[in-house]
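Student: Before I ask anything, here is the structure I am working with.
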Amino acid sequence: MQVTTEIKVRVTDLDFLGHVNNAVYMQYLECGREEWYREAGINYNQQAERGISTVVVHAGINYRKEARQGERLSIKTKPLRRGKKSFSFYQEILNEHGEIVVDATATEVCFDLRNRISVTILAEIAVHFEGLEE
211 MQVTTEIKVR
221 VTDLDFLGHV
231 NNAVYMQYLE
241 CGREEWYREA
251 GINYNQQAER
261 GISTVVVHAG
271 INYRKEARQG
281 ERLSIKTKPL
291 RRGKKSFSFY
301 QEILNEHGEI
311 VVDATATEVC
321 FDLRNRISVT
331 ILAEIAVHFE
341 GLEE
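Sequential numbering of the sequence shown, starting at 211, is according to the working numbering.
Right, dumping it as C-alpha cells:
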C-alpha cells in the first residue's frame, strides 16, 4: 500500500540559503510515515496501551533537488522490506513538476516500552509487508 501526503513548504522550513533545510526533510518524511500508519489503520495510542511503539533505527536520505517556500510537495510512502523485528519504508518527496526532491529509506522496529527492547513485528503491521520478507 502506497500512501501520498501533501504539504506546502513554510518559511520556517527554510535555511539561510532559502531552500528547505536538510533536517526539515526528516520531519516531512515522518509525516509521510504517520499518514501511512493512519491509512493502514494502525493506531499509536492502541499500541501504547499494549506497551508497544515503533521507533526508527536507521534513516538514509538522498537530496536530489531543492524545494523553496510556497512549493507544494508530495510525500510518497510504501513498504520496502520486512525482517523478523525490523521493517523498512521507501519514501520519495516530489515537487509540483513530479521531480524527485528527496528519496529515502527508514527502518523501524516495534519497541517494548516497558523493557526498552525491540520485539517481533506486530501482526497488524506485518500484514502490510507480506511478500517483502528478507
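Even glycine gets a Cβ: it sits at the ideal position worked out from N, Cα and C. Quick caveat, the model's predicted, so the values are computed rather than measured.
Can you tell which of Arg-243, Ala-269 and Asp-223 has the C-alpha that lies nearest to the C-alpha of Thr-215?
Tutor: Position 5 of the sequence shown holds residue 215. Nearest option by C-alpha distance: Arg-243.
Student: Which residues mark the beginning and the end of the alpha helix (DSSP H) in which Gly-242 is found?
Tutor: For the purposes of this step, residue 242 is taken as residue 32 along the sequence shown, with counting starting at 1. Residues 232–249.
Student: If you reduce the DSSP assignment to three classes, tell me which class Val-337 lands in.
Tutor: For the purposes of this step, residue 337 is identified with residue 127 of the sequence shown, where counting begins at 1. Three-state DSSP puts Val-337 in a helix.
Student: Can you find the residues in the same chain that come closer than 8 Å, C-beta to C-beta, to Met-211, ignoring five residues on each side of it along the sequence?
Tutor: Here residue 211 refers to the residue found at position 1 when the sequence shown is read from its first residue. Trp-246, Glu-249, Ala-250, Lys-288, Pro-289 and His-338.
Student: Quick check on Leu-283: buried or exposed, where buried means 16 or more other Cβ atoms within 10 Å of its Cβ?
Tutor: The residue labelled residue 283 in the question sits at position 73 within the sequence shown. Looking at its Cβ environment, which holds 16 or more other Cβ atoms inside 10 Å, Leu-283 is buried.
Student: How many Å lie between Glu-334 and Thr-222 at the Cα?
Tutor: Looking up residue 334 in the sequence shown gives position 124. Looking up residue 222 in the sequence shown gives position 12. Roughly 36 Å separates the two Cα atoms.
Student: Between the C-alpha atoms of Ile-285 and Glu-309, what's the straight-line distance to the nearest angstrom?
Tutor: Taking the first residue of the sequence shown as 1, we reach residue 285 at position 75. Taking the first residue of the sequence shown as 1, we reach residue 309 at position 99. Distance between the alpha carbons of Ile-285 and Glu-309: 12 Å.
Student: Would Val-329 pass as a contact of Lys-295 if the rule is Cβ separation under 9 Å?
Tutor: Position 119 of the sequence shown, counted from the start, is the residue given in the question as residue 329. Position 85 of the sequence shown, counted from the start, is the residue given in the question as residue 295. In contact: Val-329 and Lys-295 (Cβ atoms closer than 9 Å).
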